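UniProt numbering puts the first residue of the sequence shown at 1, with every later residue one more than the last.
Here's the structure we're looking at; comments come further down.
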Amino acid sequence: MARSGRIALAQVNTTVGDFAGNAARVRAAAEVAREAGAALAVFPELTVCGYPPRDLLDLPDFLERARQALEELARPAAWSKGIALVVGFPEAPDGAPPPGVYNAAALISDGRVVAVGRKSLLPTYDVFDETRYFLPAGASTTAAAPEGLGVPLGLSVCEDIWNDQRFWERPRYARDPIADLVRAGAGLVVNVSASPYAMGKAPLRERMLSASARDHGAPIAYVNQVGGNDALLFDGGSMLLARDGAVLARAPLFEEAVLVCDLEGGAPLALGLDGRPLPPPPPPPADAQADEVLRALVMGVRDYVRKCGFRQAVVGLSGGIDSALTACIAAEALGAENVLGVAMPSRYSSGHSREDAAELARNLGVRFREIGIEPMHAAFLAALAADGAPPLCDLADQNVQARVRGQILMAISNDTGALVLTTGNKSEIAVGYCTLYGDMAGGLAAIGDVPKTLVYRVARAANARAGRTLVPERTFTKPPSAELKPGQLDQDSLPPYDVLDDILQAYVEERRPLEAIVARGHDEAIVRRVLRMVVQSEYKRRQAAPVLKVSEKAFGEGRRFPIAQGYRY
Ligand SMILES: Nc1ncnc2c1ncn2[C@@H]1O[C@H](COP(=O)(O)OP(=O)(O)OC[C@H]2O[C@@H]([n+]3cccc(C(=O)O)c3)[C@H](O)[C@@H]2O)[C@@H](O)[C@H]1O
Ligand SMILES: Nc1ncnc2c1ncn2[C@@H]1O[C@H](COP(=O)(O)OP(=O)(O)OP(=O)(O)O)[C@@H](O)[C@H]1O
Ligand SMILES: NC(=O)CC[C@H](N)C(=O)O
């Protein structure tokens with residue numbers, strides 16, 4: 001029996017295009033919510049098809065299956081008896097293909113769709129491309145109070161609530177759909193969202209939603225998707241806010257949850273999709289930001305691997321910090337037994353790199369192989385010199401080693417069905433300090449949006465989370481080296497990583513001009529060199545594995561620069 005004013009925020013992990021799987025999650029969560037006495041369960045944006053479906057929306061059969069999936073969810077059934085649902089779906093009136101589609105939310109009650117709210121504000125920046133697919137709503141939709149809830153609903157979709165320049169630098173949209181809803185009598189604003197994770201975004205959302213509830217004088221039920229879909233990581237963190245802006249309930253980050261809460265306040269209950277209470281969150285760790293990034297990446301690797309149909313991953317272990325962190329993430333995401341670490345020493349590898357790789361594998365409990373690359377490296381050089389050609393130059397020789405390693409990892413992948421995780425960090429990917437078809441060979445760049453200085457912190461967070469040493473201490477303290485020629489150090493080719501990362505933060509994320517970066521206290525020649533390297537390595541990034549996004553500006557779909565161009569620093 002529904003309790004008056006009780007709702008459930010159902011942050012489920014949808015998979016793009018998996019209509020049956022997504023519907024099963026809706027049914028499971030609705031049943032949990034109903035058992036807990038909720039009159040209404042709210043789901044994330046585009047629940048039935050997952051977010052972002054991108055050009056799948058161009059397929060008429062995809063839109064038809066979305067329509068059928070919604071129709072089936074709306075059919076009277078035991079699991080939905082006595083509970084109303086708000087479910088996101090792509091609405092294609094008359095089966096019209098894009099741009100005749102709306103990004104919509106349906107209110108389902110008593111075995112039928114009783115109202116449909118359409119998204120008014122369509123984000124078209126960074127990773128979002130919604131005007132490519134959707135039409136904006138002409139008007140906002142309010143719906144009569146579902147039975148047992150006692151308040152009429154205002155239906156809104158994600159960006160509809162992102163329209164406040166105090167929190168958000170983007171230009172203000174002319175319309176304020178939330179104000180329209182409240183003016184039309186909404187007593188509870190429902191916002192179905194798919195808001196990708198970035199560091200610092202969860203507290204920003206909370207401040208923004210709190211201000212919105214206060215300014216509009218209406219409570220807000222905000223439900224965000226959770227889980228990874230390709231490069232995008234959705235962190236959940238759904239919330240119920242009172243009309244004075246107070247947060248009445250908060251769902252966890254990076255976890256599926258059915259958060260049962262009351263409009264008039266009171267202790268919320270966070271349940272899993274199996275109906276069991278979720279364990280309370282652990283006390284905040286020493287480096288909360290690094291720990292958060294770690295959890296985001298674990299979720300991202302797990303979902304990418306699983307949703308692509310893999311179970312296992314393989315990582316080249318050099319004894320360095322990047323491959324060590326990548327392996328930690330993989331082991332936590334997939335289970336240590338599903339991860340293979342491969343050390344591939346060359347004629348230049350130090351003893352400590354082999355020891356550190358082996359120790360890391362032991363600490364993690366992952367499977368481990370050592371495959372020396374000397375015979376292949378030597379055979380390569382011999383074959384290239386067999387016709388009397390001069391020996392390869394230094395750089396070409398270095399890249400042969402990286403490519404032999406890439407070949408080995410891809411051979412293991414082909415043979416075993418394990419996905420190769422690349423290990424490049426954001427700093428290296430930014431300046432092109434990586435070998436095309438060498439260490440760039442692989443399926444997913446797990447730490448490709450993590451600058452080197454943050455890589456160390458996240459690796460420390462992995463050790464702290466485990467409560468023991470996973471990444472060996474020497475891996476933190478030795479100077480980074482590609483070990484592709486004798487005595488080589490990253491610092492011979494690149495500025496110190498703290499300098500490099502600050503320049504990259506200013507240029508890539510904050511989009512500052514050269515002069516402003518120099519004004520931060522950097523040497524102009526170094527800044528110019530770094531910016532040139534970023535520009536000149538665009539071709540590499542275009543061919544790189546997808547990068548899990550944890551910052552406001554990651555390499556990939558959200559940063560689209562031309563390759564053949566003449567804009568130079
Ligand atoms: N615009 C363009 N469009 C398409 N392709 C383009 C291109 N410009 C060059 N190219 C091609 O790309 C080639 C150069 O790229 P690539 O072969 O990758 O080689 P390259 O960038 O010249 O060298 C790799 C660098 O990464 C460093 N590295 C390698 C491996 C690991 C690490 C580490 O510490 O993690 C560092 C290594 O020390 C070296 O400085 C050119 O020879 C050309 O064939
Ligand atoms: N000896 C090795 N054995 C196995 N894999 C290696 C080896 N050397 C390099 N690799 C692979 O190539 C990637 C590029 O590593 P490299 O050592 O050149 O520099 P890096 O970017 O500092 O990475 P790391 O911090 O992991 O050493 C490594 O992360 C690893 O996956
Ligand atoms: N799906 C959306 O509309 C997301 C846009 C929104 N500004 C966000 O990043 O959360």
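Glycine included, C-beta positions come from ideal geometry on N, C-alpha and C.
Predicted, not measured: the structure shown is a model, and the values here were computed from it.
What separation, rounded to the nearest whole angstrom, lies between the Cα atoms of Val315 and Ala327? Taking the sequence shown and counting its residues from 1, the one referred to as residue 315 is at position 315. Taking the sequence shown and counting its residues from 1, the one referred to as residue 327 is at position 327. Cα-Cα distance, rounded: 6 Å.
Any non-hydrogen atom of ligand 1 closer than 8 Å to Leu384 Cβ: By 1-based counting over the sequence shown, the position of residue 384 is 384. No, the Cβ of Leu384 stays beyond 8 Å of every heavy atom of ligand 1.
Between which residues of its own chain and Asp291 is the CB-CB distance below 6 Å, once the five residues before and five after are set aside? Taking the first residue of the sequence shown as position 1, residue 291 is located at position 291. For Asp291, where only same-chain residues beyond five positions count, the Cβ hits under 6 Å are Pro285 and Ala461.
Per-residue DSSP class, three states only, for Ser435: In the sequence shown, counting from the first residue as 1, residue 435 sits at position 435. Residue 435 is actually Thr in this sequence, not Ser. DSSP places Thr435 in coil when its eight states are reduced to three.
Buried/exposed call for Asp180, threshold 16 Cβ in 10 Å: Here residue 180 is taken as the residue at index 180 of the sequence shown, counted from 1. By the 10 Å Cβ count, Asp180 comes out buried.
Where do the ends of the alpha helix (DSSP H) carrying Phe476 lie? Position 476 of the sequence shown, counted from the first residue, corresponds to residue 476. Per DSSP, Phe476 belongs to the alpha helix (DSSP H) from Glu473 to Thr477.
Going straight from the alpha carbon of Asp415 to that of Ala544, what length do you get? One-based indexing of the sequence shown puts residue 415 at position 415. One-based indexing of the sequence shown puts residue 544 at position 544. Near 22 Å, if we compare the C-alpha coordinates of Ala544 and Asp415.
Any non-hydrogen atom of ligand 2 closer than 8 Å to Met344 Cβ: One-based indexing of the sequence shown puts residue 344 at position 344. Correct: Met344 has its Cβ closer than 8 Å to ligand 2.
Provide the residue span of the alpha helix (DSSP H) that contains Gly518, from first to last. Within the sequence shown, numbered from 1, the residue matching residue 518 stands at position 518. In the sequence on display, residue 518 carries Val and not Gly. Residues Leu514 to Ala519.
Within the structure, which residues are defined as neighbours of ligand 1 by a Cβ-heavy atom distance below 6 Å, reported in chain order? Leu395, Gln398, Asn399, Ala402, Glu428, Gly432, Tyr433, Cys434, Thr435, Leu436, Gly438, Asp439, Ala482, Leu484, Asp490, Ser493, Tyr539 and Ile563
Which class does Asn363 belong to by DSSP, given the choice of helix, strand or coil? Within the sequence shown, numbered from 1, the residue matching residue 363 stands at position 363. Helix at Asn363.
Sheet register partners of Thr142 (DSSP bridge): Taking the sequence shown and counting its residues from 1, one reaches residue 142 at position 142. For Thr142, which the question treats as bridged, DSSP gives the partners Gly154.
Option in Arg306, Ser156, Val151 and Ser210 with minimal Cα separation from Ala330: Here residue 330 is taken as the residue at index 330 of the sequence shown, counted from 1. For the residues Arg306, Ser156, Val151 and Ser210, the minimum Cα distance to Ala330 belongs to Arg306.
Looking at C-alpha atoms only, which residue of Leu489, Met208, Tyr456 and Ala194 is the closest neighbour of Gln289? Residue 289 sits at position 289 when you count from the first residue of the sequence shown. Checked all of Leu489, Met208, Tyr456 and Ala194; the closest Cα to Gln289 is Tyr456.
Considering only residues of the same chain and omitting the five flanking positions on each side of Asn103, which have a CB-CB separation below 6 Å? If you number the sequence shown from 1, residue 103 lands on position 103. Counting only Cβ-Cβ distances below 6 Å, and skipping sequence neighbours, we find Lys119, Phe134 and Val157.
Mapping the DSSP letters down to three states, classify Ile503 as helix, strand or coil. Within the sequence shown, residue 503 is the residue found at index 503, counting from 1. In the structure shown, Ile503 sits in a helix (DSSP, three-state: H, G or I).
Proximity to Ser80 [Cα-Cα], best of Ile429, Phe167, Val113 and Gly558: Against the sequence shown, residue 80 aligns to sequence position 80. Nearest option by C-alpha distance: Val113.
Distance, Cα to Cα, Val182 vs Val339? Position 182 of the sequence shown holds residue 182. Position 339 of the sequence shown holds residue 339. In a straight line, the C-alpha of Val182 is about 52 Å away from that of Val339.
For Asp235, which of helix, strand or coil comes out of DSSP? The residue you call residue 235 lines up with position 235 of the sequence shown. Of the three classes helix, strand and coil, the one that applies to Asp235 here is strand, per DSSP.
Output yes or no for whether 9 Å exceeds the beta carbon distance between Glu483 and Ser318. As a position in the sequence shown, residue 483 is number 483, starting the count at 1. As a position in the sequence shown, residue 318 is number 318, starting the count at 1. In contact: Glu483 and Ser318 (Cβ atoms closer than 9 Å).
May I have all residues whose beta carbon comes closer than 5 Å to any heavy atom of ligand 3, sorted in chain order? Pro123, Cys158, Glu159, Trp162, Ala194 and Ser195
Looking only at C-alpha atoms, which of Asp523, Met440 and Arg568 sits nearest to Gln536? For the purposes of this step, residue 536 is identified with residue 536 of the sequence shown, where counting begins at 1. Comparing Cα-Cα distances from Gln536 to each of Asp523, Met440 and Arg568, the minimum goes to Arg568.
Answer yes if the stretch 546–555 comes into contact with the stretch 444–456, meaning at least three C-beta pairs across the two stretches below 8 Å, and no otherwise. yes
Would Ala516 and Ala506 qualify as a contact pair, given that the criterion is a beta-carbon distance under 9 Å? The residue given as residue 516 occupies position 516 in the sequence shown. The residue given as residue 506 occupies position 506 in the sequence shown. Yes, these two residues count as a Cβ contact at 9 Å.
Have a look at Met344 and Gly200 and give me their C-alpha separation to the nearest angstrom. For the purposes of this step, residue 344 is taken as residue 344 along the sequence shown, with counting starting at 1. For the purposes of this step, residue 200 is taken as residue 200 along the sequence shown, with counting starting at 1. Roughly 38 Å between the two C-alpha positions.
Contact between the stretch 463–470 and the stretch 420–433 is defined here as three or more beta-carbon pairs at a separation below 8 Å; is this criterion met? no
Between the stretch 241–249 and the stretch 13–25, do at least 3 Cβ pairs fall closer than 8 Å? no
So Ala41 packs on Ala30, CB below 8 Å; how close in whole Å? Walking along the sequence shown from the start, residue 41 turns up at place 41. Walking along the sequence shown from the start, residue 30 turns up at place 30. Right, their Cβ atoms sit about 5 Å apart.
Helix, strand or coil at Ala180 according to DSSP, with G and I counted as helix: Reading the sequence shown from its first residue, position 180 is the one you call residue 180. Before going further, note that residue 180 is Asp rather than Ala in the sequence given. The answer is helix: DSSP assigns Asp180 an H, G or I state.
Examine ligand 2 and report whether any of its heavy atoms sits within less than 8 Å of the Cβ of Leu317. The residue given as residue 317 occupies position 317 in the sequence shown. Checking every heavy atom of ligand 2 against the Cβ of Leu317, one is found closer than 8 Å.
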